[in-house]
Amino acid sequence: MAALTLLAACATQASAGVEAEAPGFLLGVWHGFIFPVAWLLSLFMPDVAVYAVPNNGGWYDFGYFIGIVFLGVGARKSRVVYRSRIVRVR
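Per mature numbering (1 follows the signal peptide of the UniProt record, and there is no 0), the sequence shown runs over residues -16 to -1, 1 to 74.
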């Protein structure tokens, strides 16, 4: 596990994929929120992508994460608990 963490720490982003005037945090949030629709469309339309490249780097990535996890598909309630009986112990 430690080796995998060290390997991930060496990851860098290609400088050609980062531009100052490219999409930033707010567009990252939007793109994360509409990810399910964009992904479905990208299967049939070659000009639709789920991630903007180039972008402005870490802030776009953070917004994308927020959009998916808190606003998009990650925000769905994943577990429903039904109470069918009550057991009372004395």
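Where is the CB? At the ideal position from N, CA and C, for every residue including glycine.
Report task. Report yes or no: do the region 64 to 73 and the region 18 to 38 share at least 3 C-beta pairs separated by less than 8 Å? Result -> no
Report task. Verify whether the separation of the beta carbon atoms of G16 and G56 is less than 8 Å. Result -> yes
Query raised in the report: Taking P20 as the reference, which of F46, V53 and T(-12) has the closest Cα?
Result: V53
Requested in this report: Please go through the same chain and pick out, in chain order, the residues whose beta-carbon is closer than 8 Å to the beta-carbon of W43, but skip the five residues on each side of it.
Outcome: G8, F9 and G12
Requested in this report: Between the Cα of N39 and those of V71, E5 and L25, spot the shortest distance and give me the residue it belongs to.
Outcome: E5
Report task. Could you check which residue in G47, V73 and R74 has the C-alpha nearest to that of W14? Result -> G47
Query - Extent of the continuous alpha helix (DSSP H) to which A30 belongs - result: The question names Ala, but residue 30 is Pro in the sequence shown. Premise fails: P30 is in no alpha helix (DSSP H) and is neither H nor E.
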